[in-house]
Amino acid sequence: MARPVVSEDVLPQPIALGCVAGIGAEAWDRLFGSPRPAALHPFPELEGPRHRAVSTPGDLLFHIRATRVDPCFAPAAEIMRQLRGVDSWDELPVEAQEKVIGGTKLTNLELDVEGSHVDVDTVLGPDGTEQRILRAAMPFGRPGQGEFGTYFIAYARDPETMLRKMFLGEPPVGHDRILDFSRAVTGTMFFVPSADFLRTIPARRPPV
Ligand code: HEM
Numbered sequence: 005m006a007r008p009v010v011s012e013d014v015l016p017q018p019i020a021l022g023c024v025a026g027i028g029a030e031a032w033d034r035l036f037g038s039p040r041p042a043a044l045h046p047f048p049e050l051e052g053p054r055h056r057a058v059s060t061p062g063d064l065l066f067h068i069r070a071t072r073v074d075p076c077f078a079p080a081a082e083i084m085r086q087l088r089g090v091d092s093w094d095e096l097p098v099e100a101q102e103k104v105i106g107g108t109k110l111t112n113l114e115l116d117v118e119g120s121h122v123d124v125d126t127v128l129g130p131d132g133t134e135q136r137i138l139r140a141a142m143p144f145g146r147p148g149q150g151e152f153g154t155y156f157i158a159y160a161r162d163p164e165t166m167l168r169k170m171f172l173g174e175p176p177v178g179h180d181r182i183l184d185f186s187r188a189v190t191g192t193m194f195f196v197p198s199a200d201f202l203r204t205i206p207a208r209r210p211p212v
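Residue 212 is where the sequence shown ends in the working numbering, and the numbering goes up by one at each step.
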């Protein structure tokens with residue numbers, strides 16, 4: 005019988021996830037009082053004749069390791085969530101989240117909610133048809149910095165109208181409710197030329 009050919013890459017690999025927790029001297033005093041472990045004290049700056057080892061503060065260390073980097077993300081995010089407290093979106097009951105978005109969370113069915121994200125972002129063109137947009141958003145995160153979000157990338161003929169409705173609002177609904185739970189930190193617009201246009205670009209600028 006012929007054996008199926010399976011690339012090693014597609015087989016589940018063991019990930020050997022582990023985490024070491026460390027506690028700094030000041031955090032130890034605050035959390036557990038005395039006695040403090042004998043050798044635990046704030047790291048002293050070491051100033052040699054030519055080189056200096058700096059001392060920087062640190063209360064807690066979570067050294068998360070695995071054979072791949074992606075399994076480290078969820079525990080790191082959870083630790084940051086515990087330290088910072090629950091953030092406001094997660095505090096909202098699912099029903100309220102669905103009203104903000106204008107769609108059901110699990111089944112992704114559209115809900116008719118005035119002022120919801122889907123409602124505000126549904127823009128009709130002059131001929132009454134819905135303006136098309138190809139959304140290709142990606143999640144990103146830097147758990148160490150407590151930074152999580154959506155890298156929103158979309159392709160549309162007129163993205164500005166949607167963004168104006170979202171941020172500036174229009175009576176009677178006002179701004180998009182999704183903005184009460186997220187903060188825009190970048191925003192750039194690009195023109196995506198056709199492949200034919202790219203083919204016509206000369207390899208080098210002619211000399212002036
Ligand atoms: C914080 C950033 C954003 C988040 C988290 C977000 C999330 C969502 C979610 C959960 C939905 C409904 C489910 C789905 O159809 O996938 C949705 C729909 C939609 N979003 Fe966003 N969005 C964001 C930003 C934007 C921006 C900046 C625009 C426009 C420039 C936009 C345009 C739309 C449109 C047009 C729909 C409706 C699609 C449809 O009718 O099927 N979104 N978004």
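The beta-carbon is built from N, C-alpha and C at its ideal position, and this holds for glycine as well.
> Who are the Cβ neighbours of T154 in its own chain at under 8 angstroms, not counting the five residues just before and after it?
Replying inline: By 1-based counting over the sequence shown, the position of residue 154 is 150. For T154, where only same-chain residues beyond five positions count, the Cβ hits under 8 angstroms are A141, M142, P143, F144, S186.
>> Restricting to Cα atoms, I'd like to know which of A43, E51, A25 is closest to F66.
In response: Numbered from 1 along the sequence shown, position 62 holds the residue referred to as residue 66. Closest by alpha carbon: A25.
>> Let's see if you can read the secondary structure: which residues bound the alpha helix (DSSP H) around R139?
In response: In the sequence shown, counting from the first residue as 1, residue 139 sits at position 135. Segment 137-139 is the beta strand (DSSP E) holding R139; no alpha helix (DSSP H) there.
> Around the Cβ of G106, are there at least 16 other Cβ atoms within 10 angstroms (buried) or fewer (exposed)?
Replying inline: Start at 1 with the first residue of the sequence shown, and residue 106 comes out as number 102. With 16 or more neighbouring CB atoms inside 10 Å of its own CB, G106 falls in the buried class.
> Per DSSP, what kind of secondary structure is P143 in: helix, strand or coil?
Replying inline: In the sequence shown, counting from the first residue as 1, residue 143 sits at position 139. In the structure shown, P143 falls within a strand segment according to DSSP collapsed to helix, strand and coil.
> Going by DSSP, which residues form a beta bridge with F152?
Replying inline: Along the sequence shown, read from residue 1 onward, the residue named residue 152 stands at position 148. G145.
> For A56, which beta-bridge partners are listed by DSSP?
Replying inline: For this step, residue 56 is matched to residue 52 along the sequence shown. According to the sequence shown, residue 56 is Arg rather than Ala. Note: R56 is bridge-paired with E51 in the DSSP secondary-structure output.
> With respect to the beta strand (DSSP E) encompassing F66, which residues constitute its N-terminal and C-terminal limits?
Replying inline: Position 62 of the sequence shown holds residue 66. It spans 64-69 - the beta strand (DSSP E) in which F66 sits, taken as one unbroken run.
>> If distances are taken between C-alpha atoms only, which option among M170, T108, P147, R136 comes closest to I68?
In response: Within the sequence shown, numbered from 1, the residue matching residue 68 stands at position 64. Closest by alpha carbon: P147.
> Name the DSSP bridge partner or partners of E174?
Replying inline: Translated into the one-based positions of the sequence shown, residue 174 becomes position 170. Partner(s): G178.
> Tell me which same chain residues have a C-beta within less than 6 angstroms of the C-beta of L50, skipping the five on either side of it?
Replying inline: In the sequence shown, the residue the question calls residue 50 occupies position 46. Here the set comprises A57.
>> If I measure Cβ to Cβ from S3 and keep anything under 8 angstroms in the same chain, skipping five residues before and after, which residues do I get?
In response: Any property of residue 3 remains undetermined from this structure, which presents the chain solely from 5 to 212.
> Can you tell me the Cα-Cα spacing of A183 and F171, whole angstroms?
Replying inline: If you number the sequence shown from 1, residue 183 lands on position 179. If you number the sequence shown from 1, residue 171 lands on position 167. Strictly speaking, residue 183 in this sequence is Leu, with Ala absent from that position. Going by the C-alpha atoms only, they are around 8 angstroms apart.
> Between E102 and T111, is the Cβ-Cβ spacing less than 7 angstroms?
Replying inline: Taking the first residue of the sequence shown as position 1, residue 102 is located at position 98. Taking the first residue of the sequence shown as position 1, residue 111 is located at position 107. In this structure, T111 does not lie closer than 7 angstroms to E102 by Cβ.
>> Can you tell me whether L183 is helix, strand or coil according to DSSP?
In response: As a position in the sequence shown, residue 183 is number 179, starting the count at 1. Residue state, collapsed to three classes: helix.
> Taking the C-alpha atoms as reference points, what is the distance between S198 and Q86?
Replying inline: Within the sequence shown, the letter at position 194 stands for residue 198. Within the sequence shown, the letter at position 82 stands for residue 86. Their Cα atoms are separated by approximately 47 angstroms.
> Hey, is G119 close to the ligand HEM, as in C-beta under 6 angstroms from one of its heavy atoms?
Replying inline: Residue mapping note: residue 119 aligns to position 115 of the sequence shown, counting from 1. G119 Cβ: outside cutoff for every heavy atom of the ligand HEM.
> Span of the beta strand (DSSP E) holding V104?
Replying inline: To locate residue 104, count along the sequence shown from 1; it is residue 100. Element bounds for V104: not the beta strand (DSSP E) but the alpha helix (DSSP H), 98-105.
>> Give me the residue from P18, A42, G22, Q17 with the minimum Cα distance to G28.
In response: Along the sequence shown, read from residue 1 onward, the residue named residue 28 stands at position 24. The shortest C-alpha separation from G28 is found at A42.
>> Our contact map puts G119 next to V177 with C-beta atoms below 8 angstroms; I'd like the distance itself, whole angstroms only.
In response: Numbered from 1 along the sequence shown, position 115 holds the residue referred to as residue 119. Numbered from 1 along the sequence shown, position 173 holds the residue referred to as residue 177. Yes, G119 and V177 are in contact; Cβ-Cβ is about 4 angstroms, under 8 angstroms.
>> Please tell me whether M166 has its Cβ less than 7 angstroms away from any Cβ of chain D.
In response: No chain D is present in this structure, which holds just one protein chain.
> Should A100 and I137 be called a contact, given that it needs their Cβ atoms to be closer than 7 angstroms?
Replying inline: For the purposes of this step, residue 100 is taken as residue 96 along the sequence shown, with counting starting at 1. For the purposes of this step, residue 137 is taken as residue 133 along the sequence shown, with counting starting at 1. Their beta carbons are not under 7 angstroms apart, which means A100 does not touch I137 by this criterion.
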